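S.K.: Let me begin by handing over the structure; questions about it come next.
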Amino acid sequence: MQPDNNDRSVEDSIDRRQLLQALGAGGAIAIAGCSGDGGSGGDGDSDGESSGDGSDGSTQSVQFLTMGVGDNIKQFFEENNTAFEDEHDVDVEFTSVTWDNARQTVNNRVDGGEAPDVSRWPARWIPQLVGKDALEPLDDMMDGEFGEQFYDGVAEGTMYNGSHYGVPWAASNKCLYYNKDVFETAGLDPENPSLDSWQDMVDAATQIRDSDASVPALGLAGADAIETGSQYYHYHWSHGADLVDDEGMPVVNSSGAVDALSLYTDLHLEHNVTQSSPLSSTRQDIRQLFENGDLGMVIGHVYTGLNITAAKENDEVDFDYGIVQVPRGPEGRYSLFTIDTLAILSQSEHKDLARDLIRFYFDEERRFQYSKQKGFLPVVEAVGERSYFSDSENWGPFVEAGQYARARPKLGNFSEFNDRMVQAIQEALADRKSPQKALNDAQSDLEDAME
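Residue numbers (this note's numbering): 42 to 492.
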């Protein structure tokens, strides 16, 4: 995936080590358990061991809450939780909740005094939870040898108000996928697709629309879901627009923002190059369309390519795809970068044991297996340097995208902020309001919410 010359190999166009080091752009999203190899580094324990015996002679337990554990990673946690139990003579009470219920579950447990010991979640939740005094600072781990294993920018993504409130669990960013078979049918060059800019993408989509290709040209997310914002922000930032200023105040209705939302909505309303129902389509819906071979292009994570590769090996799909960088706009190119973090809750009565669990899960081989199976960019430098990632046609473009990475702002009320932005996107996409009106109204509401 080259931004300016798509026919060059990734090996020729980038220094992978440098780009992996560029994975430092802050972040957000969700994450689960984590324990590392003993790497000392001032983690609050004298010897890195903890007793599994409760004061009454019973086996001690540690509660580990995570989100969205699917079939591709379930066995990983089952095997490693069992290994931790055997190693420390404790019980791991492991719970996974769906993403739809995750935020409410966490808040309910914290507010009810029943917080887990260790939990995985998006780094974007840190400000709100710190505001509740719910998180244990982990500077004792992250400022020592243990913290040195992470890419600098990834580690910074867990910081808030000068302290680390979690350990980086995983990172992800996005690129633009295209179906080579669809491109060939439309008379486009599948090996040199010329998708550098948004206009290039529109031109290719229009040509697909007017061709004998029997699939929509481009997947567009417009459902009432958090991911609609994350799909749109690539357009927003690349037009020179921002979400908040340096003081954390909303600035969502700039002229660049209006241009960005106009482009986003025109893809459906004017150019007619999207699937038939963007307003009811989540990011997952359009990803699935592409993975089934029923879409020309989509912005997606690395696991889209991994899923297609696996499906081809099982003879479930039969098409070729390519990956390029997210198109650039008038003011640059951006790839949304998110970090999942593993945190210790302030209510925990087993903080040393929780640290042990984190160190256990950060054994290098465990980190490699997690990133490989789950489809997340590695957060540990030694893992990212393995040839599995650096030499891969699937992974290489996402490594490169690290240099364009940008994270959502850390706001205590970001979920509400994002919800209001999604509302504006939907209003414009449904042609109920002009992009200017939709963003002006959003700006006004967000300013009121900040008062």
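Idealized CB from N, CA, C, for every residue including glycine.
All values derive from a computational prediction rather than experimental measurement.
So, helix, strand or coil for H205, using DSSP?
M.R.: The count along the sequence shown starts at 1 and reaches residue 205 at position 164. Looking at H205 - three-state DSSP - the assignment turns out to be strand.
S.K.: Under the DSSP definition of a beta bridge, which residues are partnered with W162?
M.R.: Mapped onto the sequence shown, residue 162 falls at position 121. According to DSSP, which records beta bridges pairwise, W162 is partnered with T382.
S.K.: Using 10 angstroms around the beta-carbon of D356, count the other beta-carbons present and answer buried if the total reaches 16, otherwise exposed.
M.R.: One-based indexing of the sequence shown puts residue 356 at position 315. Burial call: exposed.
S.K.: Give, in chain order, every unbroken run of the alpha helix (DSSP H) that is at least 4 residues long and sits entirely within the segment 199-280.
M.R.: 221-226, 239-250 and 267-279, all fully within the segment 199-280.
S.K.: DSSP three-state label for S137, please.
M.R.: If you number the sequence shown from 1, residue 137 lands on position 96. It is a strand residue.
S.K.: Go through its chain and collect everything with a Cβ distance to A73's Cβ below 6 Å, but skip five positions before and after it.
M.R.: On the sequence shown, residue 73 is found 32 positions in, with the first residue counted as 1. Because A73 sits at a pLDDT of 32, beneath the cut-off of 50, its placement in the model cannot be relied upon, and the following sentence gives the value as read from the coordinates. If we look at A73 and ignore the five residues flanking it on each side, its Cβ neighbours are T107 and R161.
S.K.: Give the secondary structure of A156 by DSSP, where H, G and I count as helix, E and B as strand, and everything else as coil.
M.R.: Against the sequence shown, residue 156 aligns to sequence position 115. Residue state, collapsed to three classes: coil.
S.K.: Quick check: Y219 and S279, are their CB atoms within less than 7 Å of each other?
M.R.: On the sequence shown, position 178 is the one that residue 219 refers to. On the sequence shown, position 238 is the one that residue 279 refers to. No, the pair does not count as a contact, with Cβ atoms beyond the cut-off.
S.K.: Quick one, are the C-beta atoms of P209 and V420 less than 7 Å apart?
M.R.: For the purposes of this step, residue 209 is identified with residue 168 of the sequence shown, where counting begins at 1. For the purposes of this step, residue 420 is identified with residue 379 of the sequence shown, where counting begins at 1. In contact: P209 and V420 (Cβ atoms closer than 7 Å).
S.K.: Under the three-state reduction of DSSP, which class applies to V420: helix, strand or coil?
M.R.: Counted from its first residue, the sequence shown places residue 420 at position 379. Note: V420 maps to coil in three-state DSSP.
S.K.: Excluding the five sequence neighbours on either side, which residues of its own chain have a C-beta within less than 7 Å of the C-beta of L480, listed in chain order?
M.R.: In the sequence shown, residue 480 corresponds to position 439, counting from 1. Closer than 7 Å at the Cβ level, and outside the excluded window around L480, lie V293, N294, A298, V299, L302 and A465.
S.K.: For G370, tell me which candidate among L398, Y273 and E390 has the shortest Cα-Cα distance.
M.R.: Indexing the sequence shown from 1 puts residue 370 at position 329. Of L398, Y273 and E390, the residue nearest in Cα terms is Y273.
S.K.: DSSP three-state label for A69, please.
M.R.: Numbered from its first residue, the sequence shown carries residue 69 at position 28. Low confidence applies here, because A69 scores a pLDDT of 28, under 50, leaving its location unreliable and the question unanswered by this model.
S.K.: In the DSSP assignment, the alpha helix (DSSP H) including M338 goes from what residue to what residue?
M.R.: If you number the sequence shown from 1, residue 338 lands on position 297. Unbroken run through M338 is the beta strand (DSSP E), M338 to G341; no alpha helix (DSSP H).
S.K.: Can you give me the start and stop residues for the alpha helix (DSSP H) that L176 sits inside?
M.R.: Locating residue 176 in the sequence shown gives position 135, counting from the first residue. Counting along the chain, L176 falls outside any alpha helix (DSSP H), and DSSP gives it neither H nor E.
S.K.: Please state if the CB of V159 and the CB of V131 are separated by a distance shorter than 7 Å.
M.R.: Taking the first residue of the sequence shown as position 1, residue 131 is located at position 90. Taking the first residue of the sequence shown as position 1, residue 159 is located at position 118. Taking 7 Å as the Cβ cut-off, V131 and V159 do not qualify as a contacting pair.
S.K.: Can you pull the DSSP bridge partners for A446?
M.R.: By 1-based counting over the sequence shown, the position of residue 446 is 405. S376.
S.K.: Could you say which of L179, D482 and G443 lies nearest to L377 if we only look at CA atoms?
M.R.: For the purposes of this step, residue 377 is identified with residue 336 of the sequence shown, where counting begins at 1. Per the Cα distances, G443.
S.K.: Roughly how many angstroms separate the alpha carbons of K175 and F458, rounded to a whole number?
M.R.: Within the sequence shown, residue 175 is the residue found at index 134, counting from 1. Within the sequence shown, residue 458 is the residue found at index 417, counting from 1. The sequence given here has Ala at residue 175, not Lys. Near 21 Å, if we compare the C-alpha coordinates of F458 and A175.
S.K.: Taking just the CA atoms, how far does Q190 sit from R407?
M.R.: Here residue 407 is taken as the residue at index 366 of the sequence shown, counted from 1. Here residue 190 is taken as the residue at index 149 of the sequence shown, counted from 1. Answer to the nearest angstrom: the Cα atoms are 14 Å apart.
S.K.: Is the shortest distance between the beta-carbon of S412 and the beta-carbons of chain B less than 7 Å?
M.R.: Given the protein chain composition of this structure (a single chain), no chain B is represented.
S.K.: Between the alpha carbons of E492 and V285, how many angstroms are there, rounded?
M.R.: Taking the sequence shown and counting its residues from 1, one reaches residue 492 at position 451. Taking the sequence shown and counting its residues from 1, one reaches residue 285 at position 244. Distance between the alpha carbons of E492 and V285: 14 Å.
S.K.: Taking 7 Å as the threshold (C-beta atoms), are G373 and L320 in contact?
M.R.: The residue you call residue 320 lines up with position 279 of the sequence shown. The residue you call residue 373 lines up with position 332 of the sequence shown. No, the Cβ-Cβ distance between L320 and G373 is not below 7 Å.
S.K.: Are the CB atoms of A446 and N214 nearer to each other than 7 Å?
M.R.: Residue 446 sits at position 405 when you count from the first residue of the sequence shown. Residue 214 sits at position 173 when you count from the first residue of the sequence shown. A contact, by the Cβ cut-off of 7 Å.
S.K.: Taking C-beta to C-beta, are R449 and D486 nearer than 7 Å?
M.R.: Walking along the sequence shown from the start, residue 449 turns up at place 408. Walking along the sequence shown from the start, residue 486 turns up at place 445. Cβ distance not < 7 Å, so R449 and D486 don't count as in contact.
S.K.: Let me make sure I understand the geometry here. Which of E177, N348 and V147 has the alpha-carbon closest to that of Q414?
M.R.: Counted from its first residue, the sequence shown places residue 414 at position 373. Nearest of E177, N348 and V147 to Q414, Cα basis: N348.
S.K.: Kindly indicate the opening and closing residues of the alpha helix (DSSP H) around V497.
M.R.: The question about residue 497 has no answer here: the residues shown for the chain are numbered 42 through 492.
S.K.: Apart from the five residues just before and just after E488, which ones in its own chain have a Cβ nearer than 7 Å to its Cβ?
M.R.: Your numbering for residue 488 matches position 447 in the sequence shown. The answer, listed in chain order, is P291.
S.K.: Using C-beta distances below 7 Å, list every residue in its chain close to S92, excluding the 5 sequence neighbours before and after it, in chain order.
M.R.: If you number the sequence shown from 1, residue 92 lands on position 51. Residue confidence is low: S92 scores 39 on pLDDT, short of 50, so the model does not pin down where it sits. No coordinate-derived value is stated.
S.K.: Can you name the start and end residues of the alpha helix (DSSP H) that L480 belongs to?
M.R.: Within the sequence shown, numbered from 1, the residue matching residue 480 stands at position 439. Element bounds for L480: P476 to M491.
S.K.: Is E268 closer than 7 Å to T2 when the C-beta atoms are compared?
M.R.: A question about residue 2 goes unanswered here, because the residues of the chain that appear run from 42 up to 492.
S.K.: Going by DSSP in three states, R369 sits in which element: helix, strand or coil?
M.R.: Counting from one through the sequence shown, the residue named residue 369 turns up at place 328. In this structure, R369 counts as strand in the three-state DSSP scheme.
S.K.: By Cβ distance, which residues of its chain are closer than 8 Å to Q325, with the 5 residues on each side in sequence left out?
M.R.: In the sequence shown, counting from the first residue as 1, residue 325 sits at position 284. Closer than 8 Å at the Cβ level, and outside the excluded window around Q325, lie E268.
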